[in-house]
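Numbering (the working numbering), first residue to last: 1 to 708.
Glycine residues also receive a C-beta, built at the ideal position from the N, C-alpha and C atoms.
Report on the structure given below.
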């Protein structure tokens, strides 16, 4: 089988065809995300928050059924992006989040994506608007990179534009949109494949493009999807190399290796802190096992769900709560009936190596999603991938392969029309354009209304509004010596219906007070173990092991963590609780009269007084403090200075302890982890190397008359 030579100009945007295609992809993006860009909507599921006290109560017949994955847009991603926005407002990158878990390394949460350049727009754009803008930009990026990849494979501009439109507007990109790190990561996948293709064709820009796309996929923040980007790109490169070796031609192994190393360097500022935290998190204690594999199979795509590739609601409508599968988002591979039909046409009609490769890619991805033999190998032999989410998430790779195949189908169809049904130059241009436009319009008709119906877009005023309770808690939380515990009984938390919860679990970050609990996929195992021991049972809800909800009022952890305030949905009668005057909204607020301060000296004497704090620093004044205990989580990277003199930060249970010394001392602490410093060093080294490659390439291009 032989490949078809390119039918148009090189894969660059500046041509008229490229501008036309870019305009179409931009128009499709603006059409779908217009409510967020121009209509005051936010891509988060505030409809669920409106059913939680103090905002409201669960509705007997909600307009939108509960979806635990969509809920993460409110419970995790909005608070995380807001925290980064506030960091920029204070000219500080929030490496540490002091609001949850008695403090934890926010940079170690890969989905914080602190070093992902598009997220730096939060320096000038509020978080609620940024979420929609970022999704629109990444949709456009995904579409353009897919267009360029398809053009490099020889597709006509209209066919390549269709491929881009399918990938950017697919069910995968729609259903995962409210978990933005997924969309951000997978947007770089077609660019990585294009970089490999350019390298093998010895075209300029292949090496830096591959390196940048691999690095950005790491920085974007979702390491499971990053693994899929890297693994599928490796398979793409291996397939191209085998094709070269069969013909007796060498593969650009050196350039590929350099691109991978540079990609690793670019992603190091996020990867190293995440790996550091992951090693001491509950997930770091897990390993692969036959039992774990059996569990993965229960979450995999079912053979019957293959019908949903053409009929997404085959197992029930998720909006109405009728879906009976594992999770609609995780199992959604729908990209439009027209896209699937064109993909089958391209596979059958264009019998060349590219159709074979992308056809095998769709089959392999579906096999993995179904927990087939390839998934078994990945679970046991790819480090840490077995501890991530279910393998159906690889449907993103399936979607890209399907999009390119659909472009091939339209390309063949347009070629047949030009050869058999068109006479004369004007018609040779107009009729194929009309046909391509009709196919794109049909695709948008399939995907846009369906996507709007599925995806909850919320008015900005509904996203974490202020109430009487939140204002009262903010006033109480202004005391730096005290934390606030919002009690949501663990039995109240469900993945099947809206939980009866007192505020979302990361609302503390949004409203600015400090809490001993939280919700994150990575947290400190030592702190969680202490909480389990203190309460005498597992402190996570049965349905969500990433969440930590404290409820035992006699737990010694409350004193150790300096919990000074408790709010509850039910009246409390424990000793040491003093009822506050706040009432209404069905909430009971109490002050713990005997709660110790967050920063305190150990007996027999001494005193400590907080002076100031930021995300990454803490300042206080001590008097004759031989031992200063700070009820913030211990973690490597914290440095302490007493009146300018370095002092070691020691572990006190799971908290921090240091010895400022006799007399009056000014203590200053800062979070300066070596994983971040090392990661930034590798990133800078990679950037310098890429700059040198760019300068060298430009000089070579000048020496040969601009041919390169």
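Asked: So, with DSSP's three-state summary, where would you put residue 482?; Found: coil
Asked: Count the other CB atoms, across all protein chains shown, that sit within 10 Å of the CB of residue 574; report buried if there are 16 or more and exposed otherwise.; Found: exposed
Asked: Taking residue 565 as part of the beta strand (DSSP E), name the residues at either end of that continuous run.; Found: 563-568
Asked: Which runs of the alpha helix (DSSP H) at least 4 residues long sit entirely within the segment 378-458? Give them in chain order.; Found: 395-420 and 425-454
Asked: What residues in its chain sit with their C-beta under 6 Å from that of residue 244, if we drop five residues either side in the sequence?; Found: 251
Asked: Would residue 450 pass as a contact of residue 171 if the rule is Cβ separation under 9 Å?; Found: yes
Asked: Leaving out five residues before and five after residue 685 in sequence, what residues of the same chain have Cβ atoms less than 8 Å from its Cβ?; Found: 265
Asked: Mark residue 540 as exposed unless 16 or more other C-beta atoms lie within 10 angstroms of its C-beta, in which case mark it buried.; Found: buried
Asked: In the structure shown, what three-state DSSP assignment does residue 493 receive?; Found: coil
Asked: Report, in whole angstroms, the separation of the C-beta atoms of residue 133 and residue 37, which I expect to be a contact under 8 Å.; Found: 7 Å
Asked: Rounded to a whole number of angstroms, what is the C-alpha to C-alpha distance between residue 621 and residue 112?; Found: 32 Å
Asked: Do the segment 295-313 and the segment 135-153 make contact, defined as three or more Cβ pairs closer than 8 Å?; Found: no
Asked: Would you mind working out which of 184, 623, 650 and 677 sits nearest residue 665, comparing C-alpha positions?; Found: 623
Asked: For residue 511 and residue 205, I'd like the C-alpha separation in whole angstroms.; Found: 46 Å
Asked: How should residue 381 be labelled, buried or exposed, when 16 other C-beta atoms within 10 angstroms of its C-beta is the threshold for buried?; Found: exposed
Asked: Answer with buried or exposed for residue 16, where buried requires no fewer than 16 other C-beta atoms within 10 angstroms of its C-beta.; Found: exposed
Asked: Return yes when the Cβ of residue 485 is within less than 9 Å of the Cβ of residue 410, no when it is not.; Found: no
Asked: Using only the alpha-carbon positions, how far apart do residue 188 and residue 400 sit?; Found: 11 Å
Asked: Helix, strand or coil, according to DSSP, for residue 612 in the structure here?; Found: strand
Asked: Can you tell me which of the three DSSP states residue 298 falls into?; Found: helix
Asked: Pick helix, strand or coil for residue 487, following the three-state DSSP scheme.; Found: strand
Asked: For residue 385, which residues from the same chain have a beta carbon less than 8 Å from its beta carbon, with the 5 sequence-adjacent residues on both sides left out?; Found: 224, 227, 378 and 379
Asked: Hey, residue 524 and residue 281 are a contact pair by Cβ (cut 8 Å); roughly how many whole angstroms apart?; Found: 7 Å
Asked: Is residue 195 helix, strand or coil by DSSP?; Found: helix
Asked: For residue 317, does the three-state DSSP call read helix, strand or coil?; Found: coil
Asked: Would you give the residue range spanned by the alpha helix (DSSP H) that residue 278 belongs to?; Found: 253-279
Asked: Label residue 20 either buried or exposed according to how many other C-beta atoms from any shown protein chain fall within 10 Å of its C-beta, with 16 as the threshold for buried.; Found: exposed
Asked: Considering only residues of the same chain and omitting the five flanking positions on each side of residue 365, which have a CB-CB separation below 6 Å?; Found: 394, 397 and 398
Asked: Could you pull out every unbroken alpha helix (DSSP H) segment of at least 4 residues lying fully inside the segment 148-208, listed in chain order?; Found: 157-168, 171-175, 180-186 and 189-200
Asked: Run through DSSP, which three-state label would residue 244 get?; Found: helix
Asked: Pairs of beta-carbons, one from the segment 630-644 and one from the segment 653-668, closer than 8 Å: are there three or more?; Found: yes
Asked: Could you tell me the alpha carbon to alpha carbon distance between residue 29 and residue 448, rounded to whole angstroms?; Found: 10 Å
Asked: Quick one: using the 10 Å Cβ neighbour count with 16 as the cut-off for buried, is residue 13 buried or exposed?; Found: With a pLDDT of only 44 at residue 13, under 50, the local geometry of the prediction cannot be trusted, and no value is derived from it.
Asked: Here's the rule I'm using: 16 or more other beta-carbon atoms within 10 Å means buried, otherwise exposed. How should residue 537 be labelled?; Found: exposed
Asked: Just confirm the distance between the C-beta atoms of residue 549 and residue 53, as a whole number of angstroms; I'd bet it's less than 8 Å.; Found: The Cβ separation is near 15 Å, so there is no contact.
Asked: How big is the Cα-Cα spacing for residue 217 and residue 166?; Found: 20 Å
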